[in-house]
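Participant: Numbering (my numbering), first residue to last: 291 to 616. We put the CB at the ideal spot given by N, CA and C, even for glycine. Below you will find the structure I want to go over with you.
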Amino acid sequence: MVGKISGIKEKHTAVTAPIIHDKYPNIFTFGEPSLDDRFALFADEGMRIAEEAATKALHEWGGDRSRITHLITYSATGILTPTIDFRLHKALGLSLSVKHHSVSFLGCHAGVIGLRTATEICQADPSHRVLIVCTELSSVQVQNVDPAFTRLNNIVTMTIFGDGAGAMVVGQPLPKTETPIYEIHTCKSMIVPNTEKSITVMVTQHGLDANLEKDVPKVVGTNTGPFVTSLLEGFGLDYWSVGWAAHPGGKPILDSIEKNCGLLPDQLRVSRSVLENKGNMGSASIMFVLEQFRRQARIPGRDWTVALGFGPGISMEGVLLRNIYQ
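Next up, the structure:
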């Protein structure tokens with residue numbers, strides 16, 4: 291039943307089950323401690339897809355890699371030391387003086403937090419160029435507990451989450467040398483009070499132990515409207531004159547946003563499409579939503595997009611973008 295109502299037709303894994311059985315057997319062996327296997331798999335495959343995403347972003351950006359001044363990586367599905375940012379620096383051929391750091395276990399809103407953080411860095415100095423990389427291997431954290439003894443929350447989590455990586459370069463573009471896609475105009479953050487227990491995740495020897503309270507969709511939906519109103523304030527925009535790049539956290543969440551904000555049926559189409567075809571990829575999801583937005587035909591009169599992220603807390607993140615892609 292969970293699978294039928296999830297709104298997901300397919301999702302992807304970075305590595306096939308036979309490879310996991312062969313190289314990391316404890317991950318799929320009921321009851322076996324498997325944290326070492328999980329992080330070993332993340333070290334191999336998480337790095338691989340992170341590098342692929344970053345390489346694609348750098349290519350589309352078109353600038354000189356030596357101009358990347360900051361590298362920030364995000365993931366909630368694995369931890370490495372040296373960290374992903376350190377390893378990517380060499381793989382991507384970035385400057386030895388690049389300022390870099392890795393952020394772990396922020397949650398699904400980390401991609402939008404990355405956009406906000408990069409914006410603030412670039413506002414401090416127009417010469418700054420920030421490469422953001424989000425990589426999630428949710429399949430690494432599937433619980434190896436007998437389903438008969440697994441909490442429903444963990445079954446739901448395993449059903450909706452998929453693997454994925456995305457990357458972006460944020461900076462102030464130079465004519466003819468760098469290719470802009472979106473223009474960032476404002477960023478907002480909001481903590482929903484008294485939601486400390488709404489979304490929680492613990493790392494265990496048997497995978498991630500997740501808890502999502504039943505009222506999460508309602509809480510997200512009822513708070514999104516006022517939050518977006520504050521994001522649009524001063525720009526002469528309303529809910530129906532912008533594109534909605536909402537984090538595809540799940541069908542009930544998207545349904546709640548649409549209902550509470552009175553959106554038109556097409557306004558969450560891209561978020562629903564990403565959920566349907568790739569699942570919830572955590573921090574990387576917003577990258578896929580924004581990518582699909584620019585690949586579709588532009589809707590006359592909608593020259594702006596709001597990028598929205600929701601994560602543990604519940605915390606809300608938003609960025610107002612002007613579409614300048616061709």
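How far does the alpha helix (DSSP H) with Glu581 in it extend, from its first residue to its last?
Facilitator: First-last of the alpha helix (DSSP H) with Glu581: Ser575 to Arg585.
Participant: Does the structure place the stretch 558 to 570 close enough to the stretch 405 to 425 that three or more beta carbon pairs sit under 8 Å?
Facilitator: No contact exists between the stretch 405 to 425 and the stretch 558 to 570.
Participant: Could you please give me the residues that DSSP links to Glu426 through a beta bridge?
Facilitator: Glu426 is bridged to Gly454.
Participant: Return the residue from the list Gly539, Val459, Thr306 and Ile543 that minimises the CA-CA distance to Lys346.
Facilitator: Minimum Cα distance to Lys346 is reached at Val459.
Participant: Between Asp593, Lys487 and Gln495, which has its C-alpha nearest Ser531's C-alpha?
Facilitator: Per the Cα distances, Asp593.
Participant: Which term fits Ala304, buried or exposed, when burial requires 16 or more other beta carbons within 10 angstroms of its beta carbon?
Facilitator: Counting Cβ neighbours within 10 Å, Ala304 comes out buried, since at least 16 surround it.
Participant: Tell me, which residues are paired with Ser365 by DSSP?
Facilitator: DSSP lists Ser394 as partners of Ser365.
Participant: Restricting to runs no shorter than 3 residues, where is the beta strand (DSSP E) found entirely within the stretch 445 to 496?
Facilitator: Listed in chain order, the complete beta strand (DSSP E) runs (minimum 3 residues) inside the stretch 445 to 496 are 454 to 461, 472 to 481 and 489 to 494.
Participant: If I measure Cβ to Cβ from Tyr615 and keep anything under 6 Å in the same chain, skipping five residues before and after, which residues do I get?
Facilitator: Excluding residues within five positions, the ones whose Cβ falls inside 6 Å are Ile471 and Arg584.
Participant: Counting only runs of 3+ residues fully inside the stretch 331 to 380, write out the beta strand (DSSP E) ranges in chain order.
Facilitator: Complete beta strand (DSSP E) runs here, min 3: 360 to 365.
Participant: Using only alpha-carbon positions, find the residue among Ile317, Ala381, Thr494 and Asp327 that is nearest to Arg348.
Facilitator: In the sequence under discussion, the amino acid at residue 348 is Leu, which differs from the Arg named in the question. Measuring from the Cα of Leu348, the nearest candidate turns out to be Ala381.
Participant: Helix, strand or coil for Ser520? Go by DSSP, reduced to three states.
Facilitator: If DSSP states are grouped into helix, strand and coil, Ser520 belongs with the helices.
Participant: Return the CA-CA distance between Glu548 and Thr409, expressed in angstroms with no decimal places.
Facilitator: Rounded to whole angstroms, Glu548 to Thr409 spans 28 Å at the Cα level.
Participant: DSSP state of Glu607, grouped into three classes?
Facilitator: Three-state DSSP puts Glu607 in a strand.
Participant: Mark Val292 as exposed unless 16 or more other C-beta atoms lie within 10 angstroms of its C-beta, in which case mark it buried.
Facilitator: Its pLDDT being 49, under 50, Val292 is placed unreliably in this model, and the coordinates cannot settle the point.
Participant: How many Å lie between Met448 and Ser429 at the Cα?
Facilitator: In a straight line, the C-alpha of Met448 is about 8 Å away from that of Ser429.
Participant: Report, in whole angstroms, the separation of the C-beta atoms of Leu384 and Ile358, which I expect to be a contact under 8 Å.
Facilitator: Confirmed, about 5 Å.
Participant: When the distance is taken between beta carbons, is Leu331 closer than 9 Å to Leu405?
Facilitator: No, these two residues do not count as a Cβ contact at 9 Å.
Participant: Taking its Cβ as the centre, do 16 or more other Cβ atoms sit within 10 Å of Thr306, making it buried, or is it exposed?
Facilitator: Thr306 is exposed by the Cβ-count criterion.
Participant: With DSSP run on the structure shown, which of helix, strand or coil describes Ala414?
Facilitator: Three-state result, Ala414: helix.
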